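The next block holds one structure in the form of structure tokens; read it before the comments.
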Amino acid sequence: MLRKVKVEEAIGLALAHDVTKVVPGVSKGPGFRRGHVIRQEDIPELLKLGKEHVYVLELREGELHEEEAARRISQAIGGRGIEFTEPSEGRVNLKAQVFGLLKVNKDLLRRINSIGDIVVSTLHNLTVCQPGTTVAGTRIIPLIIDETIIKRVEELCQQNGRVVEVLPFRRRKVGAIITGNEVFKGRIEDGFGPIIRRKVKQLGSVLEHKVIVPDDAEVIARAMKELICKGVEVVIICGGLSVDPDDVTVEGVRGAGARIISYGAPVLPGSMFLYAVYQGVPILGAPACVLYNPTTILDLILPRVLAGDQVSREDIIDLGHGGLCLGCRRCSFPVCPFGK
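When you read off a place in the sequence shown, starting at 1, and then add 22, the result is the number in this note's numbering.
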């Protein structure tokens with residue numbers, strides 16, 4: 023239990039919790055740490071911090087202090103690619119250990135936050151993270167909590183997996199197929215290649231091969247198979263995805279024997295996107311919007327593919343909520359609503 027004591031009478035007693043000090047516009051952090059033994063000279067500072075009373079700790083059996091509770095919650099909810107900070111002001115942060123993609127079990131997160139007196143807060147699911155990025159934070163509301171509540175969190179995670187994990191980006195070999203008679207015959211330069219190369223490189227992979235083919239379904243199918251035979255792990259086919267009579271990319275992918283997961287997506291820009299799988303290799307059809315929009319559906323799906331995450335038709339359907347790009351004059355993606 024906690025015992026409330028006037029600060030003037032607390033000399034020689036240990037604080038049960040961190041005491042926060044805020045310097046407006048400058049800093050916020052612990053002015054006094056949990057366990058600090060209060061001295062006579064601490065009294066004026068505590069009073070300045072608005073603390074006329076402090077708590078001293080007297081735990082009963084089956085009770086946990088906020089710091090121990092936060093430690094246990096963080097260990098329960100954190101999975102692969104996650105490291106933990108030490109408690110500060112009752113809070114533990116969970117950070118990415120690797121450059122990768124954050125996965126959040128949203129249903130489990132909701133169940134844990136529904137228990138009461140438990141706080142778990144995360145970044146958006148599918149956020150690209152650098153090592154050291156804070157991806158989640160946890161604490162309890164009271165200073166002391168019944169251990170059975172923490173055990174409930176631990177049981178939920180044992181039964182349903184972890185709330186957060188970071189899938190590392192793998193260095194994958196990517197192949198690009200640029201379609202279009204106008205490019206193949208040299209009438210215009212290829213604009214897709216440099217864009218695909220840059221986007222792939224930003225996620226830690228490499229564009230190993232690029233081929234330019236005409237608007238011919240059989241040639242597209244053959245090029246796709248040849249790239250895979252060369253060891254390409256992801257194929258991006260650029261263009262030829264609209265309803266124009268010369269656009270035959272979908273026909274070529276289907277003719278090669280690939281399984282079409284989705285043709286068309288509720289995302290703007292990117293509605294003509296194609297996602298398929300051939301012999302376990304993801305096939306991404308990048309529509310023409312990739313040429314002129316800085317951010318499209320490709321920026322939502324490519325990170326998942328390069329992190330080895332499985333993409334289903336339902337996942338693509340769900341992109342409709344938040345799938346409308348605002349088309350800002352100065353793009354700030356991913357710090358924006360697109361794809362959230």
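In this text, a Cβ means the ideal position worked out from N, Cα and C, and glycines have one as well. Note that the coordinates shown come from a computational prediction; the quantities given were computed from them, not determined experimentally.
Residue i to residue j, Cα distance in whole Å?
{"i": "residue 301", "j": "residue 126", "result": "28 angstroms"}
{"i": "residue 163", "j": "residue 138", "result": "9 angstroms"}
{"i": "residue 292", "j": "residue 320", "result": "7 angstroms"}
{"i": "residue 59", "j": "residue 53", "result": "13 angstroms"}
{"i": "residue 106", "j": "residue 43", "result": "23 angstroms"}
{"i": "residue 312", "j": "residue 202", "result": "15 angstroms"}
{"i": "residue 151", "j": "residue 124", "result": "7 angstroms"}
{"i": "residue 193", "j": "residue 228", "result": "7 angstroms"}
{"i": "residue 244", "j": "residue 176", "result": "51 angstroms"}
{"i": "residue 178", "j": "residue 104", "result": "19 angstroms"}
{"i": "residue 30", "j": "residue 71", "result": "14 angstroms"}
{"i": "residue 225", "j": "residue 359", "result": "21 angstroms"}
{"i": "residue 169", "j": "residue 37", "result": "21 angstroms"}
Grab me the residues of residue i's own chain with a C-beta within less than 6 angstroms of its C-beta, minus the 5 sequence neighbours each way, in chain order.
{"i": "residue 326", "result": "333"}
Take residue i as the anchor and find which of the options has the nearest alpha-carbon.
{"i": "residue 304", "options": "56, 197 and 175", "result": "197"}
{"i": "residue 25", "options": "43, 42 and 77", "result": "77"}
{"i": "residue 288", "options": "47, 140, 340 and 151", "result": "340"}
{"i": "residue 188", "options": "274, 116 and 55", "result": "116"}
{"i": "residue 247", "options": "260, 274, 266 and 268", "result": "274"}
{"i": "residue 74", "options": "32, 349 and 82", "result": "32"}
{"i": "residue 120", "options": "149, 142 and 143", "result": "149"}
At which residues does the alpha helix (DSSP H) containing residue i begin and terminate?
{"i": "residue 168", "result": "Premise fails: residue 168 lies in the beta strand (DSSP E), 166–168, not in any alpha helix (DSSP H)."}
{"i": "residue 96", "result": "88–99"}
{"i": "residue 221", "result": "214–224"}
{"i": "residue 265", "result": "Counting along the chain, residue 265 falls outside any alpha helix (DSSP H), and DSSP gives it neither H nor E."}
{"i": "residue 52", "result": "Unbroken run through residue 52 is the beta strand (DSSP E), 49–54; no alpha helix (DSSP H)."}
{"i": "residue 191", "result": "That residue, residue 191, is in no alpha helix (DSSP H); it is neither H nor E in DSSP."}
Could you give the residue range of the beta strand (DSSP E) that holds residue i?
{"i": "residue 356", "result": "Element bounds for residue 356: n/a, residue is neither H nor E."}
{"i": "residue 140", "result": "140–144"}
{"i": "residue 304", "result": "303–308"}
{"i": "residue 282", "result": "281–285"}
Can you give me the Cβ contacts of residue i inside the same chain, cut-off strictly under 8 angstroms, excluding the 5 residues immediately before and after it?
{"i": "residue 167", "result": "85, 86, 88, 91 and 139"}
Looking only at its chain, what residues have a beta carbon closer than 7 angstroms to the beta carbon of residue i, apart from the 5 residues adjacent to it on each side?
{"i": "residue 111", "result": "40, 42 and 52"}
Okay, do the stretch 279–286 and the stretch 220–239 touch, 3+ Cβ pairs below 8 angstroms being the bar? no
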